[in-house]
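Take a look at the structure below.
Protein chains in written order, with the UniProt record's numbering: chain A, 1 to 283; chain B, 1 to 283; chain C, 1 to 283; chain D, 1 to 283.
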């Protein structure tokens, strides 16, 4: 699979909103990236596994006891943190958003600025969608043997360009793994040249692909079948009911049994027995 | 604290939407209940602790090895499940919503209908907001010594009325704890007569109260200060920026240090350096 | 239950070995305290729950985001750390024993000296069996509002005596909870006057009592029935087979189903089909 | 690394005891396999990571929501169960030993006979040291697409020989991965032909190798330097103090800081300030 897979989803949803804002969107569009099911599976649940897989396949690192800093505590960061904590790593979080930062606190992670821990951590993982989250100055201060990698949405989170200078030596030790060697002999292990670890060095489970593909197909069907006027030249979120439908199609995999509302209960809750079960803003 | 505390928040947000729908809302209103910070703290993080506390204070039950079914996998259910799983209970989930059901699967819980496990579980916990989630017929089939309690939003989730019949004996064994005794001697332990366990038998941390109170105060200030026309006679969610402000005020408690965007980064992300950092629909 | 309950088990096992060493033990004795089943239940599994319960009942503290240091990473410390980590606390460990310290690392806890974190932690919990683990000098440096308590084996782990001086004010705020007030107004919350939190402020589940009582009864029966000469005037560990028997009697509570060895498998492993299944030194 | 690596450690310790029992051991021997540090690292901590790694590299399976049965709840089984549970799998345990079974209960796993769950599980993992733990009859009843693998000590835990019959087709889909195809088209995925997954399809971290090698070297030094008569022609466990020394040498990796006993504390505990800190039977 192309390593541009996720990039394009996230990026395209941004582009759609920019086009819309600029009045240049000439058809109705569906932002499938932000449907609940797509978000949780592509990001939280998938990355919870691929961060471990990507690190193991490239470096064989032992997680137990390692100090790790995860930059960004969105869905991807939450998945990375949960997995690493569960396997005995000591995890720090950096955040710009106070809501996500407070969630990190409640989940048991110290929220720090990168500079506070840069000299002590064994691994840096970026999951921000931002650029230059790890700068050359910070890479200079990392420990010998430490690992730096990116789980975010582009290859700009780590300032890899700043490492392509004459005083540093690059040594490719295996596919997707470079040792960057400082003049004093210090080595920092850079994975996938700063591109997405989960796509470059791990795999996307077929289950996750199925959810994403189903979501896309349903969005297209909805746009095609919608009566004149339901959608204008704007960006829409997938209707809740379709999001729920995607989920329901995947429950059988787990032999999961849904409870059905009685007529009386549906009336009490003011809901249709077949859904949607939540308001649109519910996540 | 009054046991009506949470009830009213959730209920009032429902009433507001009903009034609005009926065209009877005569002032602008803010649905503070569904701000991110309020939701996560009052529900997820608070209940994660109060389910353990409420059960211990009333029954001294040991969690390790117990089989528990949690009805409803919203924020409250998620908190209950996470806490009980962490302490060695085996947890089953019931759900009507396929999205929440799929999340329960991915978090490691079997999704079942209540009747599939009713004879084997040691504890039933309701967190649905629905009524008659546990019926008399199901209570009849519970094991001797099993516990039934409610963490949802009213006292109708367990059909307690159906237990007030002549063939069953009620024995109050301590405050908030009744043994319901069947003719054959079987006892089911009912907590708080089916009212909210977290409010009747546990406490709400001052930290959570602070978040809720701050959210309310800011909502009122916003409504009061808003320029003419910003808010109509409708129900609004708290502006993202205020939600973030509430969170930022509480970060110092944890000695958490936020990272600030550089000018360059803010421009790249298309964000104001002071927030809001996420779209309104982000949860 | 008397708060001396555990104390006496641990203490008596020490006394037995001292008597034996001094040649003053005049009958055979069984060290039931160190049977596997007793150790794990009274210590690891029981304390994993009672640390949460004891803290909640006395202080209503919210665990999420709190910084906690646990002194001692034996069975009791392991239980405390696991529970607090699971509920979102950030936990540090102090240890004297490098084996236990290395286990703490692998389980995701930073191993520090108490002085490194004393100024930043919200809670100190002692589980060492040692004395003066928390000294007056350290109590002087704790934060305002921090909590100090003891889960170890006596009331000497925290140097409580050093707090009974004229410049400090004691204020009893509820049963088992004292605020110690420094001249500058700083308050430290001392639980159970430094005695065992799990016995003073929580409860011991009947399940754990059953295991302990069964272990004791079987030890007595073994000593009484043993043929002349099997036991000399020394201290013995409970025979593995009896330890296994205690466990097997308690499995039905959990509807747990043991697998039985085939004749062929028993022969392959060199085991009797009815146990014991492990060498005596196995823990 | 040879896939016989662990096998030989465990096996050799068994052989030593058999030789000793038969009076054929002609030199003193040290059972390094059962030193605490060796046991925990080679088994618990190492397998906690390699089970995930081995499954991912061979099958790319998603762990979330999968139903898994782990046969055997010793150190290896405990590691496998903890890791899979943490990543959202639903885990069942089979055991012959009631003590380990009771621990599995308290850690939140249902203890079942293999036949109770054979039709519903997605993955079977053997960690018993026994033979024929998974029989042909049971393999016949597994679901289409299910995975079977071995983390135990030899290649006999799964009855692989019984699968080499004419009615079944073997299809090698990648290195270490065979699809066994039943006449009706059902496929079971067999990893490493039933040999050790952790050695065949994952890696052993250098940190774990260092601990094992250090333990061995110290055992040899001890035997060589021991005064005449300290060791007879028997099997000995590594002296506690050496076990502690191995651990202390590895603490610096984690920047862990040990606490030192004061003279007063050492006297109170009856310990030498430099250890050993625990009795020999302590695990």
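Beta carbons: idealized from backbone N, C-alpha and C, even for Gly.
Along the chain, where does the alpha helix (DSSP H) containing residue 161 of chain B start, and where does it finish?
Counting along the chain, residue 161 of chain B falls outside any alpha helix (DSSP H), and DSSP gives it neither H nor E.
>> Quick check: residue 20 of chain C and residue 235 of chain C, are their CB atoms within less than 7 angstroms of each other?
In response: yes
Does any residue of chain A have a CB that is nearer than 7 angstroms to the CB of residue 207 of chain D? yes
(request) Go through the region 170–254 of chain D residue by residue and report every complete run of the beta strand (DSSP E) that reaches 3 residues or more, in order. (result) 177–181, 187–191, 235–237
**OP:** Keeping to the same chain, check which residues put their C-beta closer than 6 angstroms to that of residue 122 of chain C; ignore five residues upstream and five downstream.
**Re:** Correct list, in chain order: 66, 67, 146.
Can you look up residue 48 of chain A in the DSSP assignment and give me helix, strand or coil? helix
- Query: Short check: CB of residue 242 of chain D to CB of residue 218 of chain D, under 7 angstroms?
  - Reply: yes
**OP:** Go to residue 115 of chain B, then tell me how far its alpha helix (DSSP H) extends in each direction, as first and last residue.
**Re:** 114–117
- Query: In whole angstroms, what separates the C-alpha of residue 274 of chain A from that of residue 255 of chain D?
  - Reply: 56 angstroms
- Query: Helix or strand or just coil, what does DSSP make of residue 146 of chain D?
  - Reply: In the structure shown, residue 146 of chain D adopts extended strand secondary structure according to DSSP, grouped into three states.
| said: Need the endpoints of the alpha helix (DSSP H) that residue 106 of chain A sits in, please. | reply: Counting along the chain, the alpha helix (DSSP H) containing residue 106 of chain A begins and ends at 98–106.
May I ask you to list, following chain order, the residues of the region 97–108 of chain D that have a beta carbon less than 7 angstroms from some beta carbon of chain C? 97, 98, 99, 101, 102, 103, 105, 106
Where does residue 265 of chain D sit, in a helix, a strand or coil, going by DSSP?
The three-state reading of DSSP puts residue 265 of chain D in helix, counting H, G and I together.
Note to self: The beta strand (DSSP E) that contains residue 69 of chain A, what's its start and end?
What the structure shows: 67–71
*asked:* I need the boundaries of the alpha helix (DSSP H) containing residue 37 of chain D, first residue and last residue.
replied: 36–39
Check: For the region 64–98 of chain A, which residues have a CB atom closer than 7 angstroms to at least one CB atom of chain C, in sequence order?
Finding: 64, 65, 85, 88, 89, 90
Item to check | Contact under 7 angstroms by Cβ, residue 109 of chain B with residue 81 of chain B | outcome: yes
Query raised in the report: So which residues of chain C does residue 254 of chain B contact, with C-beta pairs closer than 7 angstroms?
Result: For residue 254 of chain B, the neighbours in chain C by C-beta distance under 7 angstroms run, in chain order, 65.
- Query: If we ignore side chains and look at the alpha-carbon of each, how far apart do residue 35 of chain D and residue 100 of chain B end up?
  - Reply: 46 angstroms
Using CA coordinates, which residue listed in D:91, D:126, D:156, D:131 is at the minimum distance from residue 120 of chain D? D:91
- Along the chain, where does the beta strand (DSSP E) that runs through residue 29 of chain B open and close? 29–31
Check your understanding: Quick one: any contact between the region 25–42 of chain D and the region 93–107 of chain C, if contact means 3 or more CB pairs under 8 angstroms?
Key -> yes
Practice task
Taking C-beta pairs closer than 7 angstroms, name the residues in chain B that residue 110 of chain D reaches, listed in chain order.
Solution key: 90
Check: So with Cβ pairs under 7 angstroms, would you call residue 39 of chain D a contact of chain C?
Finding: no
**Q.** Burial state of residue 221 of chain B, where buried means 16 or more other Cβ atoms lie within 10 Å
**A.** exposed
Proximal residues, the region 42–54 of chain B versus chain C, C-beta separation under 7 angstroms: 45, 48, 49, 52, 53
Practice problem: Kindly indicate if chain A contains any beta-carbon less than 7 angstroms away from that of residue 244 of chain B. | Solution: yes
Beta carbon of residue 244 of chain D, beta carbon of residue 205 of chain D: below 7 angstroms? no
What is the C-beta distance between residue 259 of chain B and residue 95 of chain A, in whole angstroms, given that I count them as a contact (C-beta under 8 angstroms)? 6 angstroms
Checklist entry - To the nearest angstrom, how far is it from the Cα of residue 279 of chain D to the Cα of residue 215 of chain C? => result Residue 279 of chain D and residue 215 of chain C: Cα-Cα distance of roughly 21 angstroms.
8 angstroms contact criterion, which residue 178 of chain B and residue 167 of chain B should meet: CB distance rounded: 16 angstroms between Cβ atoms; not a contact.
According to DSSP, simplified to helix, strand and coil, what is residue 126 of chain A?
strand
So what does DSSP say about residue 17 of chain D, is it helix, strand or coil?
helix
Just to confirm before moving on: does the CB-CB distance between residue 70 of chain D and residue 257 of chain C stay below 7 angstroms? no
Compute the distance between the beta-carbons of residue 265 of chain C and residue 130 of chain D, then report whether it is under 7 angstroms. yes
Is the beta carbon of residue 53 of chain B closer than 7 angstroms to that of residue 56 of chain C? Yes.
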